[in-house]
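Asks: Below you will find the structure I want to go over with you.
Residue numbers (the UniProt record's numbering), protein chains in the order written: chain G, 1 to 127; chain W, 1 to 127; chain D, 1 to 127; chain S, 1 to 127.
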């Protein structure tokens, strides 16, 4: 029995989140609830559901589906997530969330950090 | 230059979080801020800092260091995280956070889920 | 253009392998080619192909499809991987590889290690 | 007792390997033993040992320490791994392996794939 639990744990798998998300979300203007909603979307997508509803998302969270819908709208408007269209093999149109805009913003953060540390380095060398 | 950014991304690494944490934290009585604080502790530990201060934690979050300290206290009291003592190779005592209690609670959640689905299965078979 | 490559990298994702596999496969009687074949199966499964053919596997490897088939047969016979039957939602039968036997063997390794270190501890305390 | 094993499993952690390594190593001229040696180096580094010896590496593998040393030399010569120098906080020089050259080669593979699929796309549109 115990071994079944362990296999269940292993088979459930993990959600792998870039470390820099944890150190940079505040700087990008996001709060803890925003990030957890994004991670819920990401977790649903990893399990094959690429367009979870506000109801599905809120079932895992302490906020209502109305609040989920409202935060999702804000995240789309502010360019953190986007909605893409896809085609199934049977040529049926469907919508899905994309986190590409978020990854691109994080890359910009990394680039900015790098520039700043180079600037500090060079002003240090000048003195 | 762009390639440096990519290497930085790769070398920053990821924080790997069990999927079941996302589906079960609400049921365990935790909210989004609690979970993000736990993930910040986990992320610091992955980088080698096993006992981050409330100040370090709040520098990445939208809550104050006072709020961090107060939530940490609550999480320890409610048995989600514990404080363990360790010895360095030079025999100096140090404290560190342990997330073992959280993983054990998640295992209990998995076990409970399993029992319930078996109960439903058998009551279904009886009818 | 460069940013596209970066997004492709991120979206390709990672294969997450338990660290103890790397420290224990030799002890379990497996060699480097066996393990790489298992990791190829695991990688195909993560992308949604749960029963890759020897041809698909060998297309990524330096061994022939015949050698892949022969090693797969050996791994099934020795109880490292199993073949399970599944049902699609349209009730069509299909076969898939399962790595559960491997995970269970690794758990036994961990348990064995623990016992040995406890035995050493207690014989140390007796002297 | 069983729960201890589970915690040990969780705390051992995982080695996260970019999926594209599995689909591209053959094309880059590497075989299964080469890749497993690289993954062993990576796994040691994740545990804090940034310059494992051939003896340490071969203790986990089915090849001798002499063979490990010889493959490592080949991988450095062919530009898959490099040896970098570092300074400890006490200003002591040390050497460590770097996998940056490998990640850069994988990025080139991704870029090449992209170009080819675009060329096929455009020759398809011309006909």
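Here a beta-carbon is modelled for each residue, glycine too, at the ideal position from N, C-alpha and C.
For a quick check, are the C-beta atoms of residue 97 of chain D and residue 15 of chain D less than 9 Å apart?
Replies: Taking the third chain and counting its residues from 1, one reaches residue 97 of chain D at position 97. Taking the third chain and counting its residues from 1, one reaches residue 15 of chain D at position 15. For residue 97 of chain D and residue 15 of chain D, no; Cβs fall outside 9 Å.
Asks: Quick check on DSSP: helix, strand or coil for residue 85 of chain S?
Replies: Reading the fourth chain from its first residue, position 85 is the one you call residue 85 of chain S. Strand.
Asks: Are residue 110 of chain D and residue 21 of chain D touching if we call contact CB-CB under 9 Å?
Replies: Counted from its first residue, the third chain places residue 110 of chain D at position 110. Counted from its first residue, the third chain places residue 21 of chain D at position 21. No, the Cβ-Cβ distance between residue 110 of chain D and residue 21 of chain D is not below 9 Å.
Asks: Does the distance from the CB of residue 29 of chain D to the CB of residue 78 of chain D come in under 9 Å?
Replies: Position 29 of the third chain, counted from the start, is the residue given in the question as residue 29 of chain D. Position 78 of the third chain, counted from the start, is the residue given in the question as residue 78 of chain D. Yes, the Cβ-Cβ distance between residue 29 of chain D and residue 78 of chain D is below 9 Å.
Asks: Between the beta-carbon of residue 18 of chain S and the beta-carbon of residue 67 of chain D, is there less than 9 Å?
Replies: Numbered from its first residue, the fourth chain carries residue 18 of chain S at position 18. Numbered from its first residue, the third chain carries residue 67 of chain D at position 67. In this structure, residue 67 of chain D does not lie closer than 9 Å to residue 18 of chain S by Cβ.
Asks: Using Cβ-Cβ distances below 7 Å, what residues of the segment 9–30 of chain S are close to chain W?
Replies: Those residues of the segment 9–30 of chain S that come within reach of chain W (Cβ to Cβ, closer than 7 Å) are 10, 14 and 16.
Asks: Taking all protein chains shown into account, decide if residue 23 of chain W is buried (16 or more other Cβ within 10 angstroms of its Cβ) or exposed.
Replies: Locating residue 23 of chain W in the second chain gives position 23, where the first residue counts as 1. Residue 23 of chain W should be labelled buried.
Asks: On a Cα-Cα basis, can you pick out the residue from W:94, W:80 and W:86 that is closest to residue 25 of chain W?
Replies: The residue labelled residue 25 of chain W in the question sits at position 25 within the second chain. It is W:80 whose Cα lies nearest to the Cα of residue 25 of chain W.
Asks: Taking C-beta pairs closer than 9 Å, name the residues in chain G that residue 115 of chain D reaches, listed in chain order.
Replies: Mapped onto the third chain, residue 115 of chain D falls at position 115. By Cβ distance, chain G contributes nothing, its closest Cβ being about 17 Å from residue 115 of chain D, past 9 Å.
Asks: Between which two residues does the alpha helix (DSSP H) containing residue 97 of chain W stretch?
Replies: As a working mapping, residue 97 of chain W is identified with position 97 in the second chain. Looking at the DSSP string, residue 97 of chain W is not in any alpha helix (DSSP H); the run it does join, the beta strand (DSSP E), is 93–98.
Asks: Let me know the secondary structure DSSP gives residue 17 of chain D once reduced to three states.
Replies: In the third chain, residue 17 of chain D corresponds to position 17, counting from 1. DSSP places residue 17 of chain D in strand when its eight states are reduced to three.
Asks: Compare the C-beta of residue 3 of chain W against all C-beta atoms of chain S and say whether one is closer than 9 Å.
Replies: Translated into positions along the second chain, residue 3 of chain W becomes position 3. Yes, because at least one Cβ of chain S sits closer than 9 Å to the Cβ of residue 3 of chain W.
Asks: Measuring straight from C-alpha to C-alpha, what distance separates residue 120 of chain S and residue 112 of chain S?
Replies: Taking the first residue of the fourth chain as position 1, residue 120 of chain S is located at position 120. Taking the first residue of the fourth chain as position 1, residue 112 of chain S is located at position 112. Distance between the alpha carbons of residue 120 of chain S and residue 112 of chain S: 12 Å.
Asks: How would you call residue 4 of chain S, buried or exposed, if buried means at least 16 neighbouring beta carbons within 10 angstroms?
Replies: Reading the fourth chain from its first residue, position 4 is the one you call residue 4 of chain S. Per the 10 Å Cβ criterion, exposed.
Asks: Within the continuous alpha helix (DSSP H) that includes residue 11 of chain S, where are the two ends?
Replies: For this step, residue 11 of chain S is matched to residue 11 along the fourth chain. It spans 2–12 - the alpha helix (DSSP H) in which residue 11 of chain S sits, taken as one unbroken run.
Asks: Assign residue 93 of chain G to one of two classes, buried (16 or more other C-beta atoms within 10 Å of its C-beta) or exposed (fewer than that).
Replies: Residue 93 of chain G sits at position 93 when you count from the first residue of the first chain. Classification for residue 93 of chain G: exposed.
Asks: Taking the C-alpha atoms as reference points, what is the distance between residue 87 of chain W and residue 50 of chain W?
Replies: Here the question's residue 87 of chain W lines up with position 87 in the second chain. Here the question's residue 50 of chain W lines up with position 50 in the second chain. Going from the Cα of residue 87 of chain W to the Cα of residue 50 of chain W covers about 13 Å.
Asks: Using the rule of at least 16 other Cβ atoms within 10 Å of the residue's Cβ for burial, across every protein chain shown, is residue 33 of chain D buried or exposed?
Replies: Here residue 33 of chain D corresponds to residue number 33 of the third chain, with the count starting at 1. Looking at its Cβ environment, which holds 16 or more other Cβ atoms inside 10 Å, residue 33 of chain D is buried.
Asks: Compare the C-beta of residue 39 of chain G against all C-beta atoms of chain D and say whether one is closer than 9 Å.
Replies: Looking up residue 39 of chain G in the first chain gives position 39. Closer than 9 Å: no.
Asks: Kindly indicate if chain D contains any beta-carbon less than 9 Å away from that of residue 6 of chain G.
Replies: Taking the first residue of the first chain as position 1, residue 6 of chain G is located at position 6. Answer yes: the Cβ-Cβ gap between residue 6 of chain G and chain D drops below 9 Å somewhere.
Asks: Do the CB positions of residue 6 of chain G and residue 107 of chain D come within less than 9 Å of each other?
Replies: Along the first chain, one-based indexing puts residue 6 of chain G at 6. Along the third chain, one-based indexing puts residue 107 of chain D at 107. Yes, these two residues count as a Cβ contact at 9 Å.
Asks: Can you tell me the Cα-Cα spacing of residue 48 of chain D and residue 8 of chain G, whole angstroms?
Replies: As a position in the third chain, residue 48 of chain D is number 48, starting the count at 1. As a position in the first chain, residue 8 of chain G is number 8, starting the count at 1. Distance between the alpha carbons of residue 48 of chain D and residue 8 of chain G is about 19 Å.
Asks: Please classify residue 122 of chain W as buried or exposed, where buried requires at least 16 neighbouring CB atoms within 10 angstroms.
Replies: Taking the first residue of the second chain as position 1, residue 122 of chain W is located at position 122. Residue 122 of chain W is exposed by the Cβ-count criterion.
Asks: Using the Cβ count rule (16 or more neighbours within 10 Å means buried), how would you classify residue 70 of chain S?
Replies: Within the fourth chain, numbered from 1, the residue matching residue 70 of chain S stands at position 70. Residue 70 of chain S should be labelled exposed.
Asks: Can you list, in chain order, the residues of its chain with a C-beta nearer than 6 Å to that of residue 75 of chain G? Leave out the 5 residues immediately preceding and following it.
Replies: Reading the first chain from its first residue, position 75 is the one you call residue 75 of chain G. Closer than 6 Å at Cβ, skipping near neighbours: 81.
Asks: For residue 110 of chain S, return the contacting residues in chain D, with the cut-off set at a CB-CB distance below 7 Å.
Replies: Here residue 110 of chain S refers to the residue found at position 110 of the fourth chain. Residues of chain D passing the Cβ test: 5, 8 and 9.
Asks: Would you say residue 138 of chain G and residue 65 of chain G are within 9 Å of each other, going by their C-beta atoms?
Replies: It is not possible to answer for residue 138 of chain G, since the shown part of chain G is limited to 1 through 127.
Asks: Can you check whether the C-beta of residue 98 of chain S is within less than 9 Å of a C-beta belonging to chain D?
Replies: Within the fourth chain, residue 98 of chain S is the residue found at index 98, counting from 1. No, residue 98 of chain S does not count as interfacial toward chain D.
Asks: Give the interface partners of residue 107 of chain S over in chain W, defined as CB-CB distance under 8 Å, in chain order.
Replies: Numbered from 1 along the fourth chain, position 107 holds the residue referred to as residue 107 of chain S. Under the 8 Å cutoff, chain W gives 3 and 6.
Asks: For residue 167 of chain W, report the span of its alpha helix (DSSP H) as first-last.
Replies: There is no way to answer for residue 167 of chain W, as the model of chain W reaches only from 1 to 127.
Asks: Taking residue 43 of chain G as the query, report the chain W residues whose CB atoms sit under 7 Å from its CB, ordered along the chain.
Replies: For the purposes of this step, residue 43 of chain G is identified with residue 43 of the first chain, where counting begins at 1. By Cβ distance, chain W contributes 19 and 22.
Asks: Can you find a C-beta in chain W that's less than 9 Å from the C-beta of residue 74 of chain G?
Replies: On the first chain, residue 74 of chain G is found 74 positions in, with the first residue counted as 1. No, residue 74 of chain G does not count as interfacial toward chain W.
Asks: May I ask which residues mark the beginning and end of the alpha helix (DSSP H) holding residue 47 of chain G?
Replies: If you number the first chain from 1, residue 47 of chain G lands on position 47. Element bounds for residue 47 of chain G: n/a, residue is neither H nor E.
Asks: Going along chain W, which residues have a C-beta under 8 Å from residue 104 of chain S?
Replies: Position 104 of the fourth chain, counted from the first residue, corresponds to residue 104 of chain S. Ordered by position in chain W, the residues that pass the 8 Å Cβ test against residue 104 of chain S are 3 and 7.
Asks: Taking residue 36 of chain D as the reference, give the member of D:72, D:104, D:2 and D:10 with the closest Cα.
Replies: As a first step, residue 36 of chain D is located in the third chain; it is residue number 36 there, counting from the start. Measuring from the Cα of residue 36 of chain D, the nearest candidate turns out to be D:72.
Asks: Comparing the C-beta of residue 60 of chain D with each C-beta of chain S, is any distance below 9 Å?
Replies: Locating residue 60 of chain D in the third chain gives position 60, where the first residue counts as 1. Answer yes: the Cβ-Cβ gap between residue 60 of chain D and chain S drops below 9 Å somewhere.
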